[in-house]
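Trainee: Residues -20 to -1, 1 to 238, numbered by mature numbering (1 follows the signal peptide of the UniProt record, and there is no 0), are exactly what the sequence shown covers, in order.
All C-beta atoms, glycine included, are put in the ideal place defined by N, C-alpha and C.
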Amino acid sequence: MGFLQSLAAALSLLSSLSSAGLFRDGIIGGHEAQPHSRPYMAYLVVQRDKVAGCGGFLIREDFVVTAAHCAGRKLYVLLGAHALKKQESSRQVLDVQKQFPHEDYSEENLENDIMLLKLQTNATLNQFVEPLALAQEGEEDPRERAQCLVSGWGSADADGENHLSELQEVNVTVVGRKRCDRDWRGGITDNMICTQCCAAAPCAALAQGDSGSPLVCGGKAYGIVSFSTNPCNLRGFPHVYTRISTYQPWISKIISAN
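1. Which whole-angstrom value is the C-beta distance of L105 and V44, which I expect to be below 8 angstroms?
2. Is S(-5) helix, strand or coil by DSSP?
3. Taking the continuous beta strand (DSSP E) assigned at P19, which residues delimit it?
4. Taking just the CA atoms, how far does G166 sit from A111?
5. How many whole angstroms separate the CB atoms of L64 and W164, which I take to be in contact at a CB cut-off of 8 angstroms?
6. Three or more C-beta pairs closer than 8 angstroms, one from the segment 28 to 43 and one from the segment 8 to 17: is that the case here?
7. Please classify D163: does DSSP put it in a helix, a strand, or coil?
8. Starting from Q72, follow its DSSP beta bridges and name the residues at the other end.
9. Could you pull out every residue in the same chain whose Cβ sits closer than 8 angstroms to the Cβ of P229, ignoring the five residues on either side in sequence?
10. Between A126 and the rest of its own chain, which residues show a CB-CB distance below 8 angstroms, the 5 nearest in sequence each way excluded?
11. Tell me the residue span of the alpha helix (DSSP H) that contains K233.
12. Take Y221 and list the residues in its own chain whose beta-carbon comes closer than 8 angstroms to its own, dropping the five residues that flank it on each side.
13. Using only CA atoms, which one of H219, P122, G192, T169 lies nearest to G199?
14. How should A237 be labelled, buried or exposed, when 16 other C-beta atoms within 10 angstroms of its C-beta is the threshold for buried?
15. With burial defined as no fewer than 16 other Cβ atoms inside 10 Å of the residue's Cβ, what is the status of S193: buried or exposed?
16. When the Cα of L90 is compared with those of C50, V26, V73, which residue comes out closest?
17. Under three-state DSSP, which class holds H219?
18. By how many angstroms is the C-alpha of D161 removed from the C-alpha of Y23?
19. Using CA atoms only, rank isn't needed, just tell me which of V109, A32, I168 is closest to E68.
20. Since H62 and E146 are thought to touch, with beta carbons under 8 angstroms apart, how far apart are those beta carbons, to the nearest angstrom?
21. Report the rounded CA-to-CA distance for residue 242 versus R18, giving the unit in angstroms.
22. Would you kindly check if the distance between the Cβ of I234 and the Cβ of L74 is under 7 angstroms?
23. Considering only C-alpha positions, which residue in the set Q27, L58, I94 is nearest to I231?
24. E149: buried (16+ other C-beta within 10 angstroms of its C-beta) or exposed?
25. Give the straight-line distance between the Cα atoms of Y56 and N102, rounded to the nearest whole angstrom.
Following this line, the structure appears as structure tokens:
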């Protein structure tokens, strides 16, 4: 299957996914991002038995970060995009040479939900395609109640029926790990960060289609979107991200060896 066919299939799949239970993220109740204001964002076309989509972000010209549960038989990376259904001269479509899901990733509890993608060819850095800085090893998490940003191309409603091709974004508020663990009835570890959305937009949240997108605070990625619940049916459950600072030694090891 060619890239354009894969992309079309992915968009069709994302618009029809069920929102019941635990699902991967997207942007519900957010707003359209200023075109090309998030030049680090990547859209991933993931080929499995069916074609799916994920989010990700560029950290250097030859590596993209995403979630481990976004692994597939074949991945394509789309950089420099804003509207997926439109032709944009800013786009770069790149093959993935190798996928590096964390060796201790758990499908059961989504622990260590991080993956590096080595690009077949380097991205061309310009005003539309730029890497995002990462939180460093030992760096403190954003303080509780800090305001951060998540961007993605997922569904615009909780039923997964209003898929938008334009990049969306939503402001989120950092939640303390103890409270997050209590709300989730356990299972939240030191390798995770949690957020919630504001009371003024109770259904503004993460939904489906963009797992792997970055949690950006102060212009730096602190988390990778991992899992959530339907925000309109199960309010009170924070959104959970892989904590990047924990994995800096692992990231450096993979990059230096490849």
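Mentor: Result, derived from the coordinates:
1. About 13 angstroms separates the two Cβ atoms, so there is no contact after all.
2. At S(-5) the pLDDT is 40, less than 50, meaning the model places this residue with poor confidence; the figure from the coordinates comes in the next sentence. S(-5) falls in the helix class under three-state DSSP.
3. Taken as a continuous stretch (DSSP letters only), P19 belongs to no beta strand (DSSP E), as it is neither H nor E.
4. According to the sequence as given, residue 111 is Pro; it is not Ala. Each residue's Cα considered, the two are about 34 angstroms apart.
5. The pair is not a contact, with the Cβ atoms about 32 angstroms apart (cut-off 8 angstroms).
6. no
7. Per DSSP, reduced to three states, the secondary structure at D163 is helical.
8. BP columns for Q72 point to L59.
9. E117
10. T153, V154, C197
11. 228 to 236
12. M172, I173, C174, T175, L195, Y202, G203, I204, V205, S206
13. P122
14. exposed
15. buried
16. Checking every option, the nearest Cα to that of L90 belongs to C50.
17. strand
18. 30 angstroms
19. V109
20. 6 angstroms
21. Look at the range of the chain in this structure, -20 to 238, and you will see that residue 242 is not part of it.
22. no
23. I94
24. buried
25. About 13 angstroms.
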